[in-house]
Each structure stands twice: as C-alpha cells, then as structure tokens.
Amino acid sequence: MKNLLFGTAVLFLTGITTPVFSQKAETPKFVGNIEGIKEYSLNNGMKVLLIPDASQSNMVVNIIYNVGSKDEGYGEKGMAHLLEHMLFKSTKNLGDIKKQLSDKGGQANGTTWYDRTNYFEIFPSNEENLKWSLQMEADRMINATILQSDLDKEFSVVRNEFEIGENDPTRVMIQNVFSNGYTWHNYGNSTIGSKEDIERVKAPTLRKFYEKYYQPDNATLIIAGKFDENNALKYISEYFSVLPKPARELGGTYTVEPAQNGEKYFEIKRNNDKQIIAVGYHTSAYADKDYAALAALYEILTSDPSGYLYKSLVETQKVSAIWTFNPALRDPGMVYFNFDVSKDKNLDEITKLVRTELDQISSMKFTQEDLTRAKSKLVKGIENKKNNTINYAIGLTEIVGAGNYKLNFLYRDNVENLKLEDINRVALKYFKNNNRTIGVFRPSPNEERVFPTEFRDNQLADLVKDYKGRALEKEPAPFEASIANIKKNLTEGKLSNGMKYGLINKELKGDKIQGTFRLRIGNEKDLQGKEAVAGMAASLLKSGTKTRKKEQIQDDLDQMKSSVYAYVYEQNLIIGINTYKQYYPKVMAIVQDMLSNATFPENELTKTITETNTQLEGQLKDPRAIANNELQRMASPYPKTSIFYIAPLQEQIDKNKKVTRAQVVDFYQNIMGASDGAGTLIGAIDSKLASSELEKTFGKFTAKSKFVEVKPTFFDTKKQDKNIITPDKENAVALGTSSFKMTQDNPDYPALVMANEILGSGGFLSARLPMRLREKDGISYGVGSYLNVPITNDVASWNYYAFLNPTKRDAVEAAVKEEVNKALASGFTQQELDSNKQSYGNQRTTSLGSDNTLMNLVNNNLLYGVPLERFDEQNLKVQNLKLSEVNAALKKYLSENNIISVFAGDFNKK
C-alpha cells in the first residue's frame, strides 16, 4: 500500500479479547545501547529497538518482517505485496483493522520491498495509543483472517496499483533494468509482482506464506518518538513475549547472482514523449564496505554542478538531467543511472555518447577535493535523517531488511573513513561494460568478470557483534504540542523594511534550525505574462553570485549539512532553510548573497529550461497531468493576460523556451523583495542572534515593484463530463471539481470540512468514496476528495480524484455520482459524524507535532492576521457540530449539477 498516508482520531475499543498463549510472559532482555537506539530481545527470537525522543509530541510503532519479493517462489510473484494489503483487512481478535486505524487517527501505512515488509502507525504520544498499537501488531502478526472474499476485492486494487506504475516511464525503466540485469536472483522481479500471479493466487496459498514468515523470530519492532519506555516494555512483554517461537527453520534464500557475461541491451517502446537512457551496474550488498565507496563515487559522478558526468553531459546539454538510484539491499545489488533526454535530441546518438562517458569511469583520475565534497554531502544526509526521529525509525526499515540496524552506523563510519584509493578501486572493479545493462550481447574473449562479495548470516553476525557505536548525543528538551505552548515560546518582530518574523523556541534534535519565509511580490500589471520568468528566477538564485560560484554554494551547504531552497507560487517567493545552530549565521549569509548578488549565468538558465521542459514533455501523454491541466482550464477559464491563466502543457513548454536572461534579471532586480513578507524560524536559537541575521539577510531586500494582492476571479462551474483518450496507457484517472464562495472564517466552514471528511477525505480508507470504490467494489486503488478554501479570498472548491483501470471508467463514474447523490439526498449518520469528529480531532493533534505545521501557523498569523487560537477554535467548532448542520452545509455548497469531471485514459481498451 505504497504512497498512502492517512490522518484522523481516537476511539478506543472496549471488550477486546486479549489472545492468550501457553507461553509465559517474559521481560524483554536488554542487549545494548548504540547511540540512542536501545536494543532488546525476546526468547521467541523477536528483536526490539527503542528510540526515545522527548522533543517529539508523536510516536511511531514500526514492525519489520524479513520477507519481501526476494522470498517469493514460482507462481508467487507479488505475494509479499499482496499480503501486505490483506493485513489491513481484519484479525480474529480485533476485527476491522482499517476501521480502527481510522478511528485512532494519525498516520498509518505498509510497504513491501525486496528484502522486507513493514507496517507503521504514527500517533499522538499517549499510553492508550501505544498500548493499542502494540496489541494490534501482535494480533496482526499471527491472527490475520486472510479471507478469500477480501482477497477477491483486493485483486483489482493491487492490479490498479500495478497499472499506475506502468504509466510512468521512469518506473518502467527501473523495473526493466533490474529484470534484464538479473538472471537468477529475485531482485530481478518487480516487488509489485506479476498481474497473473496476483490475480490467481488463492487465500490458502497466501496463508501458508503468511504463517511461514509472519512470526516473532522473523520480526523487528521499533518504537520511536515520545513514549514511556517502561510501559512500552510492559506491553511488549504482555503482547509479544507470549507468542511462541515457531518450530520451523526459515533457512533464508541462497541464490547468488552469477557474474554477467557481457553487456545487455533492451528497448521499451511505448506511447510517451519522454526519452530516457537507463543504465545498471551490478554492485555490492549494503553490508559491504564497497557500498560506501560506491555511494561517494555516484556523488562525484552525478552531483550538480561538480559531477564528472554532470559536467560532460548536462552542462553541455547533451542530456537534460542525470540521477542515480542505489537501493540498500541484503544481497549484492545494482546501481541505476537515469539520463533524461529532451525529445529534440537523437536518442541513438546520445546513447552512444553516454556509453562513451561511462566507459571512462574506471580510468578517471579522481581528486581529494572530489572525495571531500562527496563525503560532506553523504554525511549531511546521514545526520539529517538521524535527527528526524519519526522518519529515521521508518527509514531503518531498509537497514533492518539489509541485515541489521547496526549496518547503518557501519555505513556512516565507512563513509567518514573513505580514502581516495577506495574510490579508484570500486570505479575499476565495478564499472566494466561486461557488468552493465544497456545494450546488446557482444562476444568478447578474456573477460575479467565481476564477482560481488556475498555475506552469509554468520558473517553478518561477526561484522556487527562487537560494534559499540559512538557516545550518546544530548537529548532535546520536551516540547508540548499545544497552541498555548507555542505562544509561550514565540517571539515576534519586524525588520527595517517592514518584513515580519517569528521565532519558535523549540529545541530540535541535533540542534537543528529550520525556517520558512513567504515573501509576497508584485502586482497584476508587473506580473502579467511572467509566470515562466518567475519560476526560472527563483530556481536560479543558487546558480551563482558575484562572490560565489554555484559549485562553491553547494559545497559550503553540504559541508554545513544544510540546505536552501526557493520557488515562486503566484505572488509568493518562498525561501526555506534547513541547518544547524552552529551554522545558522553562515547559511543566512549565503541566502543574503543569493538575494543581493545573484548573477544568473546564461548556461544555467539554458540547462534549467531544458530540464524543466524535459519533465513537462514527460507529462504530455500522461493521463494524470493531462486531466489535471484540462480540469483547471475548464473550471478557471482566465484570459491569457491574467496571472492565474492556466496554459496547456505544450504552451508552458513553448513559454519556457522564450525566457531570456534579461527577463530573469529584470524580475530579480525589480519584483523580488521582502518588504511584504514574513518568515518563521524554529529551533533553540538566541533571539538576538536570530533577528540580527534576519535583518542582515532580508532587511535591505526591497522590491521596486509595489506589492498589491491580485484576487482570483470566481467562475461558477456547471456540470460537464469530458473524456480524453491517452493511447497505450495501462491506468486512467478521473478528476472533478465544483466551485463555490467561501473563506476559512465563514461560519459554514467547519460543517463543510466535516461533510467532506465523511464523504471522501477522513479516516483510513473509511470515508464513503474510498469505502465504496476501493473496499466494496475494488475498482480504484486511490480515491478521495478534498476542499480548497483559502484564507484571504472566497474562491473555493470541492474536488475528487480516482485512479482506475480504463475498463472501469463507467463503473467509477457511476459509483462516484451515486455516493455524492446519496449523501445529498439522505445525508450522513450520527455514527459517521461522531467517528469523524474524533478522527479529525486526533489529526489536528498529530499535525501540531510537525515543525512545518508550527511554522505555517505562525506565518499565517504574521501575513494574514490569522490568530493562532483559531487552530483550536476550529477543532472546537467541529466537535460541537450537529448532524443537521453538516448535512445542510453539504447541500448548500455541493450539487451534482455543478461538478466538472475529466476522465483521461485509454478507454478504447477492452
């Protein structure tokens, strides 16, 4: 169930029978503490990792099973992923899992990969949430029902997910590089599986797979964030230690991929305008020291702007973009190189050029400067991941799947200890054309084949058994996620040019500092026709200044483990920073340099236009992009002179080609400024230092163009249904919208929010639209609805979406209309309202645990005068809603006669 995150509430179940086993409960055995990760074990073989972080207001429970597509046999392709879907259905003791996840609120998901499957829940920190999560995961481990009736409905849902991937050229290329590159190992099989196997597998077969791998001796449980450790251990003892260790021996997989005998080549021919060259090389397992050296080598080769391949291929505009993908795997893996090629290039000629450049890697002379730069970027990524506890706990899924969580620390150590000879060694070892997947078989005598190093279980155990880790880091102070506490720790101020700022004093892990700045710019006259210019100007702010080259800016940020981003959205220039307390002044100095001294090199503009247009070209025949663009144009038919005009995709490409450096410089010098802006910093930073640096950075950044807010025009939508045929596409999309007038301070807003929650947005797949189309009918993998109600203008809309097999187009249309009309005619039930009230309340509580939410709340207060108290007031209004108010709001603002629907897909398929 990839790419699904669901928010909602707290409804604790009573009368649940706790499963009883003959095995006596035991206290988890403490194994050790590696840099804040406390490891425990149970006699039944289960591993437990606790990662406490008092600065969080949320917690995550993440359970990992060492089973993935690698473990599938003949006729079982996709079984691990299908089973992941089925485990969100029901268990013998707890019943409907999705319903209870919806009632509990927060976020939940499950994912499957080559070596592992995981399930996680993120909830507000409290004892009941912790207890329920552990009880549920213990029950789900051995008591899933796996009913054939549920499986019959889920077949088409998983097939729909498969088809979504088939529409994406990049995903298709990744899959085919791996499937062509591997001859015997199951890494060559797509995790999502074979459509035929998915549709034919029966529940008893799936249950055998489940009973073999879903056992305590094959699982690692992670609890992270803010939680009571003693209670966690008590519940682990109560629910998991009583599960018996199975008598069977897993044995593991034993297939070793043989050395490749020569370069492989394949072609995919499908209907799409995006050209891609994809290359794969067999490399190492994550446990191998070579993995760190290879990761550094990929940075040296492809990094923007210093990479060798980047300079030879992207800067010269032979390709528009280059990137790599090197999954962390248990067995020897493969690195994937992606080269995007604009459609005006000859693909055969560029393929020859790419091949020539790749052939030079093994003989390149890399420098110490190359290594230092790559290590800085890799270490920055490692540290940033570690200091985001919730995401870190989920990210450890990949490392556990690769063999053991300690490998993550060994990888970091290996990166920091890299020497130049390591880079040259792996370049020579792995980057041979007979180890590459891109071309045709060519007989060649005397090949020096590459044999990757295999790691058996005992070797892995020896590798990590004596690892002690580093000294424990300082734990950040607790921070209560409440509006009252935010106000207590908030300092506000104004710069000399009128820009407002807020400082939230919250100690973040690793002494991180984050900031988001919204600078309102321009007016209707000055912005007319400059959408493409504005986007390029923001993208190029980091491309070089009078005092720093692009490469130096990136190197400095990487060495400080920091990042800066900028983009333009309508009348907003958004600037964001992510850094650490010790580097804050230096990072702000870089931002100030960008805002005062940007040079916008001509070659960087050309590269950015090419890269942007290559991405747009990839959307020209994509059903989602086409439908979304057409729906916006139909619902908001602005003239070309308006700043809100939505151009067709090809017109956007043509506009980008016409952007000149002079236009970008003019936009930068005359329209960009901070006088009408606001920004918020969060972290434990001295307020005087913070405000002083903000003044240096933004205080003199003043626009010549006066900011005057341009209000959007209200267009009354009328019922329309439009079909767009996109040939040779496996998946289709349905999008719809209905406009109305409303702002967030409208008295009807809370009731309409709740109506939309019940209809299509709230709960863990438990709202009416997903329940009907996905759970009951099984005709859509992803379906739902959402509201777009602004703060400062009254141009609002209700919207829905659904992803579907093209043959289900009529069924999806009928089901959506039927559910909308049913809600309008009969209204919702009190039970639905009560459930979604609690779900909504917990979602609000969960969101306060996000630093981005806190910064957005303060920025909205500074820019628009939205009181922070409104966040709690909104929830209070929702909790006090009557059913009649919710039903009345739905009827007042939504009508089938006002919904525009666009369907895009290959509807000629049979």
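Each residue of the sequence shown is one higher than the last, beginning at 608 in the working numbering. Glycine included, each C-beta is placed from N, C-alpha and C at the ideal position.
Cβ-based neighbour list, residue i, same chain, cut-off 7 Å, excluding 5 preceding and 5 following
i, result
"T1186", "I1120, M1167, S1169, V1194"
"R1049", "Residue confidence for R1049 is low, a pLDDT of 35 falling below 50, so the modelled location carries little weight and cannot support an answer."
"E770", "E1337, N1338, N1412"
For residue i, the first and last residue of its enclosing alpha helix (DSSP H)
i, result
"P659", "From DSSP, P659 is part of no alpha helix (DSSP H) but of the beta strand (DSSP E) over 654–659."
"A607", "Examination of residue 607 is not possible in this model, given that the chain is present from 608 through 1517 alone."
"M693", "686–693"
"T1219", "1209–1224"
"G1391", "Where G1391 is concerned, there is no enclosing alpha helix (DSSP H), although the beta strand (DSSP E) it sits in stretches over 1390–1395."
"Y1356", "1356–1363"
Close Cβ partners of residue i (< 6 Å) along its chain, the five nearest in sequence each way excluded
i, result
"Y1174", "A1145, I1181"
"V1315", "N1130"
"K876", "none"
Limits of the unbroken beta strand (DSSP E) element including residue i
i, result
"T724", "724–731"
"K636", "636–641"
"T1044", "1043–1045"
"E646", "644–648"
"Y1108", "1107–1111"
Residue i - partner residues in DSSP beta bridges
i, result
"A885", "N945"
"M666", "F730, G832"
"Y1190", "Y1190 is not bridged to any residue."
"F932", "Y943"
"I1184", "G1122, V1171"
"N716", "F727"
"K1101", "K1107"
Cβ neighbours of residue i in the same chain (closer than 8 Å, five flanking residues each side left out)
i, result
"R766", "K802, I805, E806, N1412"
"S1051", "The predicted model places S1051 with a pLDDT of 38, which falls under 50 and marks its position as unreliable, so this point remains unresolved."
"N1220", "S927, S949, I1260, N1263, K1264"
"P1192", "L1296, E1300"
Secondary structure of residue i, DSSP reduced to three states
i, result
"L1411", "strand"
"Q924", "coil"
"K1329", "strand"
"I907", "helix"
"G682", "coil"
"N1179", "strand"
"I875", "coil"
"I771", "helix"
"R1127", "strand"
"Q1351", "coil"
"A1511", "strand"
"V849", "coil"
"T812", "helix"
"S797", "coil"
"V1057", "coil"
"E1037", "Inspection of the sequence shows that residue 1037 is occupied by Tyr rather than by Glu. Here Y1037 sits in helix by DSSP."
"K802", "helix"
"R1049", "Note on R1049: pLDDT 35, under 50, position unreliable in the model; the coordinate value appears next. Three-state result, R1049: coil."
For residue j and residue i, the rounded distance between their alpha carbons
i, j, result
"G1046", "K982", "The predicted model places G1046 with a pLDDT of 35, which falls under 50 and marks its position as unreliable; any figure quoted below should be read in that light. The straight-line gap from Cα to Cα measures roughly 32 Å."
"Q1276", "G1136", "17 Å"
"L1070", "L758", "42 Å"
"P1244", "S740", "48 Å"
"E1082", "D1323", "54 Å"
"S732", "P1085", "12 Å"
"F628", "L1475", "Caution is warranted here: a pLDDT of 49 is assigned to F628, below 50, making its placement in the model unreliable, and no coordinate value can be reported."
"L1501", "L1440", "18 Å"
"M1201", "G1109", "22 Å"
"K1228", "E1211", "28 Å"
"I968", "K1149", "28 Å"
"G1100", "P1319", "30 Å"
"L1025", "F1251", "51 Å"
"D1384", "K760", "7 Å"
"K649", "L1461", "Inspection of the sequence shows that residue 649 is occupied by Leu rather than by Lys. The straight-line gap from Cα to Cα measures roughly 39 Å."
"D1273", "T1215", "18 Å"
"E773", "P1357", "39 Å"
"V1390", "A1403", "21 Å"
"S662", "E1080", "13 Å"
Closer than 8 Å to chain E by CB, residue i
i, result
"R1375", "Going by chain labels, chain E is absent from the structure shown, which holds only one protein chain."
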